[in-house]
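Okay, structure first, notes after.
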DNA sequence: AATGAATGAGGCTTCATTCAT
DNA sequence: TATGAATGAAGCCTCATTCAT
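Chains as they are written, first to last, in the UniProt record's numbering: chain A, 1 to 214; chain B, 1 to 214; chain C, 1 to 214; chain D, 1 to 214.
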């Protein structure tokens, strides 16, 4: 089964950790509140209340409030994001597309949906990435290993078929990623909606031109 | 004279407002601290101390802590960003470039420098934009009026000369902007350095291809 | 004017510090509570309540609870104890006693009264001295400089007159001090009363024998 | 076999009580932690951890934290101190000394060693004695029965032989005890070392003079 | 206009104690 | 009997905000 949002993926990942039901409730509640109000504006009593436990319980396993964040970010980097990335790249590499254009369109659409579905959760990550260099680096590696790597085979294939310009793969992926963000971010920030069909076609059109072989 | 960073521009803009020296000191100190630690982690006593005034003074003009932020964001939207944008578009529209390629390269380079110089301050904006929809909308209009508008003439010119694809101007600018961000953001987050010369040439190469007329 | 208890001396000493009335109230309340219940069993809200101020005020000047203790111990070592010691030695050195025996009896009696009057406050010091080596050392120097020093002249005088054994002064004072404590401490701990007249005579009798020249 | 420190004596005493291994572990751990950090600064989870049991187990036998203290103080008063006292007085009364001077020197030296070896544990007692009047009284009786009583025979003997002044025994013992403390306490508090040989000779010299028959 | 002492609500955290397993 | 998750009261401390001077 393939997921297209992060909160669900996260809740599932918690089952692999040694946590009681209440502890999981704390993490789920924290993820929700941190997403909505940000880390600093979420109080530990907010968390306890939403999780339906006492404040003491919040601290039983996650020694500090920061510890809760770490307990969220950890699985995120070690499990949620990898799983999401793997699901994505698996799907991509196991499907055959008639042309680079259709391949491109497919992944752009897929990632737009994913990003929009996961926007609130991605905000936590964004905040952490802004604040915490170690986490930023972690994500950078994640990106390298889980996206650039697996997509490599497919992209190389299109390069050999002369459907894709002969640039380094990370450069190509950079352009794809930022172009997708260029559509998703403004919509997310302005709380507007995106016509994904239209946006993905536009983005594909631009990228196809820009990434055409010389 | 043209500025290439925001803190300086901000300090100058304050001179145009009816503020005592102490009030200006408060705003400058606040901008600095908010940039470094974020709004929530900056205390009003931190601000008073850095500004060299009493806490009472901080509250004399800016009724609340939120009020300080507003007093910063206000000038930002009404003066600093417009001035930055105008300086940019003026320079662009008053200079003649041999070709669209050279024009593109020039503005990409210029904006990369600007963004990298102003990164800490842009973080406040980024954080506010994430949290506060009204501010996000304000920025959106700013962008529309100050960038898309003034640049319009020049871009249209290149479209008429068949050096630039015949797409709506905001779409074109979106791609330019996101591509620049694609180079600047990772460097900023990973605290790495950017080879601006190289990055701007790469970005230009990609955009030229992607924005070539059909 | 000569004081024979510590709480009064302490309250007077506070006037020499730059503290508001409320801050002084905090310190006086703290001294009282720490004396009665001990540091660990006194809560900051207890202190605030007894001092008649808000808890915030408690922390305005004394950054931490430990800071309150320091703010008490500091004046104690720097002002209260020196003043007490000086008042004592002054009185002793400016009075002439017919014999060493009467001199001894006078100071023993005086110190018994002082110790019994100041017992609750001395408990804080005792606790600190047990826990904190630096403070223990501070007291040791205090003792050396303020007691052994000033008393030196007088004792030497009695040594020359062959009324006092020819031992080092600190050894002699050690015996006097511990003998006094031997009467005061049990009474203080058992909350019993002391017949000072009787106790001081007994102690004098013993010390006179023990300190008689060979 | 004769002991010269309290922690060992305590551990042995526990064997005479009907306690499971875990209960004993709890008491030993508590004694150690209370000695090191004091009662108030020792948490029950600290104790559980050091004892290698769960927090639940700690509460199974000792209903409250205070109960642990009682369970320590009890054996202390009922067994440890009596045993220590008895071992001491037995040794003293079963050995014959050529003179009161040698007798005095022997017991002074012995008690100095004992006090220095047991200093950390004595601190708990000291703290409790300061705080808790009942315990203080208990100790007072202990002292009376276990020291003054047994030593009585020996001291009377020396009084009859005119080697010892004809004062009440508790008065004599008071002076011996406080003089010993006068050497031991400063060293313990300043974490200095004591030259026991020298100190005991000095103390003996003084006491011999002070306790000489008229 | 400027000061800074004072406030009190609320945040994070600890810890003695209980109870279902 | 032993466990350890769970509790909730209470502790220490911060901070935006007010107000008398």
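C-beta atoms are modelled at their ideal positions from N, C-alpha and C, and glycine is treated no differently.
Exercise. Rounded to a whole number of angstroms, what is the C-alpha to C-alpha distance between residue 144 of chain B and residue 152 of chain B?
Worked result: One-based indexing of the second chain puts residue 144 of chain B at position 144. One-based indexing of the second chain puts residue 152 of chain B at position 152. In this structure, the alpha-carbon of residue 144 of chain B lies about 10 angstroms from that of residue 152 of chain B.
For this session: Report whether the distance from the Cβ of residue 101 of chain D to the nearest heavy atom of the ligand ZN is below 7 angstroms.
Result: Ligands are entirely absent from the displayed structure, and the ligand ZN is therefore not among its contents.
Exercise. Cβ of residue 36 of chain A less than 8 angstroms from any chain B Cβ?
Worked result: As a working note, residue 36 of chain A is residue 36 in the first chain. Residue 36 of chain A is outside the set of residues whose beta carbon lies under 8 angstroms from a beta carbon in chain B.
Problem set entry | With 16 other Cβ atoms within 10 Å as the buried cut-off, status of residue 282 of chain D | What is shown of chain D runs 1 to 214, which leaves residue 282 of chain D out entirely.
For this session: Report all residues from its chain with a CB closer than 7 angstroms to the CB of residue 5 of chain D; omit the five preceding and five following residues, and keep chain order.
Result: Along the fourth chain, one-based indexing puts residue 5 of chain D at 5. If we look at residue 5 of chain D and ignore the five residues flanking it on each side, its Cβ neighbours are 117, 118.
Exercise. Would residue 55 of chain C pass as a contact of residue 70 of chain C if the rule is Cβ separation under 8 angstroms?
Worked result: In the third chain, residue 55 of chain C corresponds to position 55, counting from 1. In the third chain, residue 70 of chain C corresponds to position 70, counting from 1. Cβ distance not < 8 angstroms, so residue 55 of chain C and residue 70 of chain C don't count as in contact.
Exercise. Just how far apart, CA to CA, sit residue 155 of chain B and residue 74 of chain A?
Worked result: What you label residue 155 of chain B is simply residue 155 of the second chain in a count that begins at 1. What you label residue 74 of chain A is simply residue 74 of the first chain in a count that begins at 1. Counting only the Cα atoms, residue 74 of chain A lies some 46 angstroms from residue 155 of chain B.
Problem set entry | Proximal chain A residues relative to residue 195 of chain B, where beta-carbon distance stays under 8 angstroms | What you label residue 195 of chain B is simply residue 195 of the second chain in a count that begins at 1. The CB of residue 195 of chain B never comes closer than 8 angstroms to any CB in chain A; the least such distance is about 14 angstroms.
Exercise. Looking at the unbroken alpha helix (DSSP H) that takes in residue 152 of chain C, where does it start and where does it end?
Worked result: Here the question's residue 152 of chain C lines up with position 152 in the third chain. In this chain, the alpha helix (DSSP H) harbouring residue 152 of chain C covers 149–160.
Exercise. Count the other CB atoms within 10 Å of the CB of residue 138 of chain A; is the residue buried (16 or more) or exposed (fewer)?
Worked result: Taking the first residue of the first chain as position 1, residue 138 of chain A is located at position 138. So residue 138 of chain A counts as buried.
Exercise. Would you call residue 215 of chain C buried or exposed, if buried means 16 or more other Cβ atoms sit within 10 Å of its Cβ?
Worked result: Outside the shown range of chain C, which is 1 to 214, sits residue 215 of chain C, and nothing can be said about it.
For this session: Would you mind telling me which residues of chain C sit closer than 8 angstroms to residue 190 of chain D, beta carbon to beta carbon, in chain order?
Result: Working through the fourth chain from its first residue, we reach residue 190 of chain D at position 190. In chain order: 133, 136, 137, 140.
For this session: Anything in chain C within Cβ reach of residue 40 of chain D, meaning under 8 angstroms, just list it in chain order.
Result: Reading the fourth chain from its first residue, position 40 is the one you call residue 40 of chain D. Within chain C, the residues 38, 40, 41 have their CB atoms less than 8 angstroms from the CB of residue 40 of chain D, given in chain order.
Exercise. Count the other CB atoms within 10 Å of the CB of residue 121 of chain A; is the residue buried (16 or more) or exposed (fewer)?
Worked result: Indexing the first chain from 1 puts residue 121 of chain A at position 121. Its Cβ being crowded by 16 or more others within 10 Å, residue 121 of chain A is buried.
Exercise. Beta-carbon separation of residue 63 of chain D and residue 196 of chain D under 8 angstroms?
Worked result: Locating residue 63 of chain D in the fourth chain gives position 63, where the first residue counts as 1. Locating residue 196 of chain D in the fourth chain gives position 196, where the first residue counts as 1. Taking a C-beta distance under 8 angstroms as the contact criterion, residue 63 of chain D and residue 196 of chain D do not qualify as a contact pair.
Exercise. Near residue 68 of chain A, what residues of its chain come up, given a Cβ to Cβ distance below 6 angstroms and the 5 sequence neighbours on each side ignored?
Worked result: To locate residue 68 of chain A, count along the first chain from 1; it is residue 68. So the qualifying residues of the chain are 30, 62.
For this session: Could you tell me which chain D residues have their CB closer than 8 angstroms to the CB of residue 123 of chain C, listed as they occur along the chain?
Result: To locate residue 123 of chain C, count along the third chain from 1; it is residue 123. Simply 130.
Problem set entry | Helix, strand or coil at residue 41 of chain C according to DSSP, with G and I counted as helix | If you number the third chain from 1, residue 41 of chain C lands on position 41. Coil at residue 41 of chain C, not helix or strand.
Exercise. When you compare each of D:60, D:130, D:168 to residue 191 of chain C by their alpha carbons, which one comes out closest?
Worked result: Numbered from 1 along the third chain, position 191 holds the residue referred to as residue 191 of chain C. Shortest Cα-Cα distance from residue 191 of chain C to any of D:60, D:130, D:168 involves D:130.
Exercise. For chain A, is any of its Cβ atoms less than 8 angstroms away from the one on residue 112 of chain B?
Worked result: As a position in the second chain, residue 112 of chain B is number 112, starting the count at 1. Not closer than 8 angstroms to any Cβ of chain A, the Cβ of residue 112 of chain B fails to qualify, so no.
Problem set entry | For residue 103 of chain C, the three-state DSSP class (helix, strand or coil) | Sequence index remark: in the third chain, residue 103 of chain C carries index 103 (1-based). Under the three-state reduction of DSSP, residue 103 of chain C is assigned to helix.
Exercise. Do you know how far the Cα of residue 105 of chain D is from the Cα of residue 201 of chain D?
Worked result: The residue you call residue 201 of chain D lines up with position 201 of the fourth chain. The residue you call residue 105 of chain D lines up with position 105 of the fourth chain. Counting only the Cα atoms, residue 105 of chain D lies some 7 angstroms from residue 201 of chain D.
Exercise. Is residue 213 of chain A near residue 165 of chain A, with beta carbons less than 8 angstroms apart?
Worked result: The count along the first chain starts at 1 and reaches residue 213 of chain A at position 213. The count along the first chain starts at 1 and reaches residue 165 of chain A at position 165. Taking 8 angstroms as the Cβ cut-off, residue 213 of chain A and residue 165 of chain A qualify as a contacting pair.
For this session: Please report the residue range of the alpha helix (DSSP H) in which residue 82 of chain B lies.
Result: Along the second chain, one-based indexing puts residue 82 of chain B at 82. Run containing residue 82 of chain B: 81–94, per the alpha helix (DSSP H) assignment.
Exercise. Is residue 99 of chain D buried or exposed, if buried means 16 or more other CB atoms sit within 10 Å of its CB?
Worked result: On the fourth chain, position 99 is the one that residue 99 of chain D refers to. Residue 99 of chain D comes out exposed.
Exercise. Can residue 185 of chain A and residue 83 of chain A be called in contact, C-beta distance under 8 angstroms?
Worked result: Sequence index remark: in the first chain, residue 185 of chain A carries index 185 (1-based). Sequence index remark: in the first chain, residue 83 of chain A carries index 83 (1-based). With contacts defined as CB atoms closer than 8 angstroms, residue 185 of chain A and residue 83 of chain A fail to qualify as a contacting pair.
Exercise. In chain A, what lies closer than 7 angstroms to residue 178 of chain B by C-beta?
Worked result: Counting from 1 along the second chain, the entry for residue 178 of chain B is found at position 178. The contacting residues are 178, 179, 181, 182.
For this session: Count the CB pairs spanning the segment 32–50 of chain C and the segment 88–96 of chain C that are closer than 8 angstroms, and state whether there are at least three.
Result: Segments in contact, no.
For this session: Find the nearest neighbour of residue 16 of chain B within the set B:146, B:65, B:124, B:79, judged by alpha-carbon distance.
Result: The sequence position of residue 16 of chain B within the second chain is 16, counting from 1. Ranked by how close their Cα comes to the Cα of residue 16 of chain B, the residues B:146, B:65, B:124, B:79 have B:79 in first place.
For this session: Could you tell me which chain B residues have their CB closer than 8 angstroms to the CB of residue 101 of chain A, listed as they occur along the chain?
Result: Translated into positions along the first chain, residue 101 of chain A becomes position 101. For residue 101 of chain A, no chain B residue has a C-beta closer than 8 angstroms to its own C-beta; the minimum C-beta separation is roughly 14 angstroms.
Exercise. How many Å lie between residue 199 of chain B and residue 42 of chain D at the Cα?
Worked result: For the purposes of this step, residue 199 of chain B is identified with residue 199 of the second chain, where counting begins at 1. For the purposes of this step, residue 42 of chain D is identified with residue 42 of the fourth chain, where counting begins at 1. Take the alpha-carbon of residue 199 of chain B and the one of residue 42 of chain D: they are about 60 angstroms apart.
Exercise. Residue 149 of chain A: buried (16+ other C-beta within 10 angstroms of its C-beta) or exposed?
Worked result: Taking the first chain and counting its residues from 1, the one referred to as residue 149 of chain A is at position 149. With fewer than 16 other Cβ atoms within 10 Å, it is exposed.
Exercise. Listing by chain order, which chain D residues have their CB less than 8 angstroms from the CB of residue 202 of chain C?
Worked result: In the third chain, residue 202 of chain C corresponds to position 202, counting from 1. Against chain D, the beta carbon of residue 202 of chain C has neighbours under 8 angstroms at 171, listed in chain order.
Exercise. When you check each C-beta in the UniProt domain "HTH tetR-type" (20–80) of chain B against every C-beta of chain A, which residues fall closer than 8 angstroms?
Worked result: Answer set for the UniProt domain "HTH tetR-type" (20–80) of chain B: 38, 40, 41.
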